[in-house]
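>
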Amino acid sequence: MTINAEVIEQHGLTIEEYELIVAKIGREPNLTELGIISVMWSEHCSYKSSRKHLKKLPTSGERILVGPGENAGIVDIGNGYAAAFKIESHNHPSFIEPFQGAATGVGGILRDIFTMGARPLAVMDSLRFGPPNDPEAGNRNRHIAGGVVGGIAHYGNCFGVPTIGGECVFESSYNGNPLVNAFALGIFRKDKIFFGKASGIGNPVIYVGAKTGRDGIHGASMASAEFDEQSEEKRPNVQVGDPFLEKLLLEACLEVMDKGVILGIQDMGAAGLTCSTCEMGGRGGTGVEIDLKNVPQREQGMTPYEIMLSESQERMLLIAERGVEKEVFAVFKKWGLDAVEIGTVTDDGILRVRDHGAVIAEVPNSLLTNDAPLYDRPATTPFRPAPLVGPKLPQPSATEHADALEKLLAAPDLCSKRKIYEQYDYMVRTNTTAPPGCDAAVIRVKDAGVSLAMALDGNGRYCAFSPREGAKLAVAECCRNLSTVGAEPIAATNCLNFGNPEKPEIMGQFVEAVEGMGEACRHFGTPITGGNVSFYNETLGDAIYPTPVIGIVGLVDHMGVPAGMHFQRPGRKIMLVGGLLPGVNADPLDLERRFGSSQYAKVILGETWGLPPALDMDYEKRVHKTVRAIVRARLSESVHD
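Residue 1160, in the numbering used here, is where the sequence shown stops; the numbers in between run on with no holes.
1) Relative to the C-alpha of A960, which candidate in S985, E919 and S1002 has its C-alpha closest?
2) Tell me which same chain residues have a C-beta within less than 7 Å of the C-beta of A1148, skipping the five on either side of it?
3) Using a Cβ-Cβ cutoff of less than 8 Å, which residues in the same chain neighbour V757 once the five nearest sequence positions on both sides are dropped?
4) For G704, name the three-state secondary structure that DSSP assigns.
5) Kindly list the residues whose CB is nearer than 6 Å to the CB of S1053, restricted to its own chain and excluding five residues on each side of it in sequence; keep chain order.
6) Which residue from A898, G1079 and P1046 puts its Cα closest to that of K571?
7) May I have the straight-line CA-CA distance separating V850 from V843, to the nearest angstrom?
8) I need the straight-line Cα distance from Y566 to V585, nearest angstrom please.
9) Examine the Cβ distances between the region 571-583 and the region 674-684 and report whether three or more of them are shorter than 8 Å.
10) Which residues in the same chain as T521 place their Cβ atom closer than 8 Å to its Cβ, once the five residues preceding and following it in sequence are excluded?
11) Counting pairs of beta carbons, one from the region 767-785 and one from the region 535-548, are three or more of them closer than 8 Å?
12) What separation, rounded to the nearest whole angstrom, lies between the Cα atoms of G1097 and G1018?
13) Could you check what DSSP says for G801 in three-state terms: helix, strand or coil?
14) I'd like the list of long-range same chain contacts for N884, defined as Cβ closer than 6 Å, with 5 residues on each side in sequence excluded.
15) My output table needs one value for T952: the three-state DSSP class, helix, strand or coil.
16) With burial defined as no fewer than 16 other Cβ atoms inside 10 Å of the residue's Cβ, what is the status of H473: buried or exposed?
17) F1017 bridges to which residues according to DSSP?
18) Threshold first: 4 residues or longer. Then list the alpha helix (DSSP H) segments lying entirely within the region 1054-1096, N to C.
19) Below 9 Å between beta carbons: does that hold for E846 and K778?
20) Let me check one thing: in DSSP terms, what residues is A709 bridge-paired to?
21) Report yes if the CB atom of G601 is closer than 9 Å to the CB atom of M973, and no otherwise.
22) Is the region 973-987 touching the region 1080-1091 in the sense that three or more CB pairs, one from each, lie closer than 8 Å?
23) Is the region 546-559 touching the region 929-942 in the sense that three or more CB pairs, one from each, lie closer than 8 Å?
24) With DSSP collapsed to three states, give me the class of A742.
25) Around the C-beta of R817, are 16 or more other C-beta atoms found within 10 angstroms, so that it is buried, or is it exposed?
26) Does DSSP classify N1051 as helix, strand or coil?
27) Ignore the nearest five residues each way along the sequence and tell me which others in K711's own chain have a CB closer than 6 Å to its CB.
28) Closer than 7 Å by C-beta to C564: which residues in its own chain qualify, once you throw out the five before and the five after it? Chain order, please.
29) Measure from the alpha carbon of T863 to the alpha carbon of each residue in V814, V807 and Q942, then state which is nearest.
30) Over the uninterrupted beta strand (DSSP E) stretch that includes Y726, give me the two end residues.
31) So, T865 versus I720, is the Cβ gap smaller than 9 Å?
In structure tokens, the structure reads:
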């Protein structure tokens, strides 16, 4: 195939980027090389628009063992144990095919956890859909929400990991672009960490897991573009998952790790075989040479281009020491999985791909990883979807207050989410002590003698009105949720969901949100261990609300059951901790502006405006500390933020 402007555009590259490729490799790339480079230079894989700003986030702390750059972050939880955790998005696939898009999102985040050597202990989800009662998009929104929840339940339940909490929000800005952010956490001994690195010249590169098919080809590129009228045609780009096979893959991988016969391991996630080979080589400062004739395939006639870009699920790449391959093969054979040597580690820093011996692609690993383009995109004043000043506020009667309360309690954002979480097996493995429906989920870590609390939070409406303050409020809310179960926040992961970064007003939202999140994480002592950026969440040019989601893990120094959030019995006194600060929101105009971002304004008045609630982080931190002390002293039987 001749590589012309149309082919370049189809691969999501600009002419300038193509010219850079030619300059870097000193020749015109062939089609397979173009596919390899284009997927690694996609926004989804390269973070080319966000890397500059992500460096502003705090990433170090006394409990951090592994920070950003690996498959998952790792924190020390004491007594020789560590927790690996991460959150990632699967937004675009979940719009195209809700069930499989969400299911494979769960599968992917679970692989990120056990790739590090940890056994997955819990899953959570942060979901955004259009309103189910939207007059035009309601049917579509209900279809997407039902498919997404079904996919999450299917994968987690079949795999055998509890889905223990999360959040679900409905806004019209998500009508054409749902958000599906999946979080997972696993536990292991802190001296048993594995890395995605290719080391030892001449060592075998081993492919394990499912066979390679044509599903998911160019999935990473699809996640780096807006939706349009042809979005339905992208269904072949959505991967298909098999949770039962992934369970076998988990057990086999943990077994070879325990035997000490592998040196490195990498999930074949976005960009599949391409990403796993070049990232392992890039981290190890080595090259990787593979021959595609050895790759297990479930479809006939697959081209090298298709094999390299396939995103078939439940696959891993291992590096073993030369001479112990048979031990690796024996373990995977026991679990009924393919395990095949497909190549070797080399010393030249090149990703070299052969097909029956013939070289069909040669690209420097550095060009695919660290030397991918890095952009400093223009960022202007963030786009505001609503006015700063709203209507004159009514003075409702007592009867109207009662009616408003009923409407608020019935609103999709505030009503019970039981219909969602009752589909999840949240008690499997019997470690869950605070189930879905609580402010924070809590699981026991029996070997370590502690409990871990987890919460996910974000508010797109707040961030739409002020990205900086909205991001701070998300961090504060997440820490506040953890305090209700007596947990000390120790570290965080984030999933940053935004529109098209090529639009300066959208990039402005992103920059301010990252800076606000960084400021709050420093203040509350929750360094970021890694995460995900999801750009191009737009349909026909309409962007979602800027939606940074924060996931924070907290430590509880016992394994008891925390206080619940429900009232336990009549006659108990109700106490408010915190509240309105002297001097904060004292200005009536400021109060009216901040009222405009409330659920009352959205549901009862039918319009929103203004600014998010005011936040005093020093005062907020004191509230957290006070609530933790009350909970730990067992002075309250019910706590709710």
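Here a beta-carbon is modelled for each residue, glycine too, at the ideal position from N, C-alpha and C.
Because the structure is a prediction, the values reported are computed rather than measured.
For this structure:
1) S1002
2) none
3) P612, I615, E616, Q619, G620, T623, D734, G735 and G738
4) Note on identity: in this sequence residue 704 is Leu, with Gly being the wrong assignment. Of the three classes helix, strand and coil, the one that applies to L704 here is strand, per DSSP.
5) S608, N610 and N1016
6) A898
7) 12 Å
8) 20 Å
9) no
10) none
11) no
12) 35 Å
13) helix
14) C797, G800, G801, G868 and L870
15) strand
16) The structure shown does not extend to residue 473, since the chain spans only 520 to 1160, so no value can be given for it.
17) DSSP output for F1017 lists no bridge partner at all.
18) none
19) yes
20) Checking the sequence shown, residue 709 turns out to be Lys, not Ala. For K709, which the question treats as bridged, DSSP gives no partner whatsoever.
21) For clarity, residue 601 is Ala in the given sequence; the question names Gly instead. Taking 9 Å as the Cβ cut-off, A601 and M973 do not qualify as a contacting pair.
22) no
23) no
24) Unreliable placement is indicated for A742, whose pLDDT of 48 sits below 50; the coordinate value is still reported in the next sentence. Coil.
25) exposed
26) strand
27) G636
28) V558, A739, A789, A790 and C794
29) V807
30) P723 to G728
31) yes
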